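Student: Position in the sequence shown counted from 1, then plus 4, gives you this note's numbering.
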Amino acid sequence: MAGLPFVEVNDFIGARIRVLPFSDFCDPLFTSADQWPLLIASLLATGQRVDLRCMQTDAARMDQHFNLVHEALWHGVSLQCDQDRLWGRLRSSARRNIRKARAAGMVVHQAETEQDLRAFHRLHVGVRKRKYSLLAQPYSFLRGLWTEFLEPGAGRLLFAALDGEIVAGSLFLDWKGATYYKLGASNPEYLPLRPNDLILWTEIVGAASRGSHLLDLGLSEPSQEGLVRYKRKYATSEKVVSFLRHEPNAVTASEREARRLLDKITELFVDDAVPDTVTERAGAMLYRYFV
């Protein structure tokens, strides 16, 4: 048995196949390497561009049908030890930052209402806009996570607050014995007080107590040196995720123009002169094309 989930995308940019859209990585499932050619053959036969993100398997990396177009870093935290060991394993800078946040009066609490989710999304829109010049995921996406994961108890939205004001938040999901860091946002004014370190440590302790064996910290661009340093303070493992592409045909002029136009529209909506409410609506309309 072997399997590979994929989505056929056909929009104004063009037709393409993604395995799997908006996922950090999605390795093919097979029991022996000779199953890989059989597994991928039907996708290659479509004549469309095929994009893969692989971390665990070398079969796709070694396949001459695919070219390596990008690499990202994945970090994970093993949770299979007691709290003293978890604490002692942190880098000294992480322990120092956690103590600093506590000394400043930071308090971590869990979101309880959809109003809390709304507040987090507004913070997230601002961070994506001002720090990365990107549009944020639609609120409907977060609402779906709230309904499917957080309300049934399979996830948490943790806030760090100072004097009752929310200054940072992180969204975590639980699935099959692992905990996944999904989204995070913070008020840059309060970053020197290290609220994100206190949130992450709180989740490490909580996830371990609930029986999670791993906290998946997701992907980082190698160029995001600050983010990579932050994750390395906590991570027990670091791996490379390979972005692979099969592109049987040259990129057409219309596809190049569509992507250029999408980039330009994004630039307009993340301009500081544009209200965040408008930027949020733009993300709701356009985010599905970033695939």
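For every residue, glycine included, the Cβ atom is placed at its ideal position computed from N, Cα and C. Note that the coordinates shown come from a computational prediction; the quantities given were computed from them, not determined experimentally.
Would the beta-carbon of Ala76 fall within 8 Å of that of Tyr238?
Tutor: By 1-based counting over the sequence shown, the position of residue 76 is 72. By 1-based counting over the sequence shown, the position of residue 238 is 234. Not a contact, by the Cβ cut-off of 8 Å.
Student: Would you call the CB atoms of Val278 and Arg22 closer than 8 Å?
Tutor: Translated into positions along the sequence shown, residue 278 becomes position 274. Translated into positions along the sequence shown, residue 22 becomes position 18. The answer is no: Cβ separation not under 8 Å.
Student: In terms of residue numbering, what span does the alpha helix (DSSP H) encompassing Asn71 cover?
Tutor: Here residue 71 refers to the residue found at position 67 of the sequence shown. Premise fails: Asn71 lies in the beta strand (DSSP E), 71–82, not in any alpha helix (DSSP H).
Student: Taking the continuous alpha helix (DSSP H) assigned at Asn101, which residues delimit it?
Tutor: Locating residue 101 in the sequence shown gives position 97, counting from the first residue. Element bounds for Asn101: 96–107.
Student: Starting from Val295 and walking both ways along the beta strand (DSSP E), at which residues does that stretch end?
Tutor: Stepping through the sequence shown from its first residue, residue 295 is reached at position 291. That residue, Val295, is in no beta strand (DSSP E); it is neither H nor E in DSSP.
Student: Over the uninterrupted beta strand (DSSP E) stretch that includes Val171, give me the two end residues.
Tutor: One-based indexing of the sequence shown puts residue 171 at position 167. Counting along the chain, the beta strand (DSSP E) containing Val171 begins and ends at 169–179.
Student: Smallest Cα separation from Pro41: which of Gln68, Gln60, Gly18, Gln52?
Tutor: Residue mapping note: residue 41 aligns to position 37 of the sequence shown, counting from 1. Nearest of Gln68, Gln60, Gly18, Gln52 to Pro41, Cα basis: Gln68.
Student: Evaluate Val282 with the Cβ neighbour count: other Cβ atoms within 10 Å of its Cβ, from every protein chain shown; 16 or more gives buried, anything less gives exposed.
Tutor: Looking up residue 282 in the sequence shown gives position 278. When all chains shown are included, Val282 counts as exposed.
Student: Secondary structure at Gly18, three-state DSSP: helix, strand or coil?
Tutor: Sequence index remark: in the sequence shown, residue 18 carries index 14 (1-based). Note: Gly18 maps to strand in three-state DSSP.
Student: Give the range of the alpha helix (DSSP H) segment to which His217 is assigned.
Tutor: To locate residue 217, count along the sequence shown from 1; it is residue 213. First-last for His217: undefined, no H or E at that position.
Student: Is it buried or exposed, Asp55, if we count other Cβ atoms within 10 angstroms and call 16 or more buried?
Tutor: Position 51 of the sequence shown, counted from the start, is the residue given in the question as residue 55. The residue in question, Asp55, is buried, as its Cβ has 16 or more Cβ neighbours within 10 Å.
Student: Once DSSP output is grouped into helix, strand and coil, what is the label at Glu261?
Tutor: Taking the sequence shown and counting its residues from 1, the one referred to as residue 261 is at position 257. It is helical.
Student: Quick one: grab the DSSP three-state call for Gly148.
Tutor: Taking the first residue of the sequence shown as 1, we reach residue 148 at position 144. In the structure shown, Gly148 sits in a helix (DSSP, three-state: H, G or I).
Student: DSSP state of Tyr184, grouped into three classes?
Tutor: Here residue 184 refers to the residue found at position 180 when the sequence shown is read from its first residue. In this structure, Tyr184 counts as strand in the three-state DSSP scheme.
Student: If distances are taken between C-alpha atoms only, which option among Phe247, Glu259, Phe273 comes closest to Pro25?
Tutor: In the sequence shown, counting from the first residue as 1, residue 25 sits at position 21. Minimum Cα distance to Pro25 is reached at Phe247.
Student: Taking the continuous beta strand (DSSP E) assigned at Ala164, which residues delimit it?
Tutor: Reading the sequence shown from its first residue, position 160 is the one you call residue 164. 159–166 is the span of the beta strand (DSSP E), which, as asked, contains Ala164.
Student: Compare the Cα-Cα distances from Ala262 to each of Tyr293, Ser241, Leu175, Val73 and report the closest residue.
Tutor: Numbered from its first residue, the sequence shown carries residue 262 at position 258. The shortest C-alpha separation from Ala262 is found at Tyr293.
Student: Measuring only the C-alpha atoms, how far is Ala211 from Leu219?
Tutor: The sequence position of residue 211 within the sequence shown is 207, counting from 1. The sequence position of residue 219 within the sequence shown is 215, counting from 1. Cα-Cα distance, rounded: 8 Å.
Student: Is the beta carbon of Ile208 less than 8 Å from the beta carbon of Ala172?
Tutor: Against the sequence shown, residue 208 aligns to sequence position 204. Against the sequence shown, residue 172 aligns to sequence position 168. No, the Cβ-Cβ distance between Ile208 and Ala172 is not below 8 Å.
Student: Once DSSP output is grouped into helix, strand and coil, what is the label at Ala45?
Tutor: For the purposes of this step, residue 45 is identified with residue 41 of the sequence shown, where counting begins at 1. Of the three classes helix, strand and coil, the one that applies to Ala45 here is helix, per DSSP.
Student: Can you tell me whether Pro226 is buried or exposed? The criterion is at least 16 other CB atoms within 10 Å of its CB, across all chains shown.
Tutor: Indexing the sequence shown from 1 puts residue 226 at position 222. It is exposed - the Cβ of Pro226 has fewer than 16 other Cβ atoms within 10 Å.
Student: Indicate whether at least one CB of chain D lies closer than 8 Å to the CB of Lys268.
Tutor: Among the chains in the structure shown there is no chain D, since it carries only a single protein chain.
Student: Between Val245 and Leu223, how many whole angstroms is the CB-CB distance? I'm expecting something under 8 Å.
Tutor: Taking the sequence shown and counting its residues from 1, one reaches residue 245 at position 241. Taking the sequence shown and counting its residues from 1, one reaches residue 223 at position 219. Indeed they touch by this definition, with Cβ atoms about 6 Å apart.
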